[in-house]
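Notes for the one structure printed next.
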Amino acid sequence: MVALEYNIIIILFSFYVMVSATTSASPISVASVIFAAVGIHQLLSKQFPHGRPVDLAPSNRHSGSPLDLSNDSLRLSNGKLTKIYERVENEGSPLLVGPETIIFDADGTIFTLTEQSKLISITDIQQKSEDDAAIMTAKVTEVADLGIGR
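Okay, here's the thing in structure tokens:
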């Protein structure tokens with residue numbers, strides 16, 4: 078962060094010298110250049126409280142499993158995606174409203190976080206009809222209400 082401050086001061090001082098040399102108007106004072114540099118420093122320190130972002134070398138980056146582009150298990154032979162809809166039972170209100178993050182546990186159970194801050198599980202997935210293989214239905218149960226927040 079200190080190197081950035083020095084770079085800002087050098088740039089502002091260069092601007093000060095350039096403006097002072099080319100105009101006959103009242104020159105910018107050194108105090109205003111320092112004031113501007115301190116103001117920019119304060120702005121950047123609030124924007125990046127833990128320091129500026131840095132680019133990690135490839136050797137220091139997370140190395141997860143590679144993306145398998147041949148995995149098309151949720152695609153049908155005609156290229157359509159398989160869609161999963163909630164089976165609403167006993168005229169209850171639907172729980173699968175705005176699923177945002179999909180999570181799989183070690184046993185293969187599907188969980189999702191909804192936009193209403195609920196953790197729900199998706200189980201008992203069945204094909205809706207023989208006519209349309211792209212539509213599946215599932216039993217959805219609320220696991221936890223995570224409260225207000227996004």
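Counted the way our numbering counts, the sequence shown spans residues 78 to 227. Even for Gly, the Cβ is constructed at its ideal location relative to N, Cα and C. The model shown is predicted, which means the values in this text are computed figures rather than measured ones.
Identity of the residue in the options nearest residue i by Cα
i           : options            : result
residue 181 : 223, 162, 194, 190 : 190
residue 303 : 139, 202, 218      : The structure shown does not extend to residue 303, since the chain is modelled only from 78 through 227, so no value can be given for it.
residue 184 : 198, 175, 143, 203 : 198
residue 225 : 195, 132, 175      : 195
residue 212 : 119, 176, 137, 164 : 164
residue 192 : 216, 175, 138      : 175
residue 201 : 216, 187, 133, 109 : 216
residue 159 : 137, 205, 88, 141  : 205
Residue interval of the beta strand (DSSP E) (run including residue i)
i           : result
residue 158 : From DSSP, residue 158 is part of no beta strand (DSSP E); its letter is neither H nor E.
residue 168 : Looking at the DSSP string, residue 168 is not in any beta strand (DSSP E), and its letter there is neither H nor E.
residue 191 : 187-191
residue 174 : It is not in any beta strand (DSSP E) - residue 174 carries neither H nor E in the DSSP assignment.
residue 212 : 212-222
DSSP bridge partner residues for residue i (one or two, in chain order)
i           : result
residue 198 : 188, 218
residue 203 : 214
residue 181 : 187
Neighbour-count burial assignment, residue i, 16 or more Cβ in a 10 Å radius
i           : result
residue 143 : exposed
residue 114 : buried
residue 171 : exposed
residue 208 : exposed
Residue i: CB within 8 Å of a non-hydrogen atom of the ligand SAM
i           : result
residue 214 : Questions concerning the ligand SAM fall outside what the structure shown contains, since it holds no ligand whatsoever.
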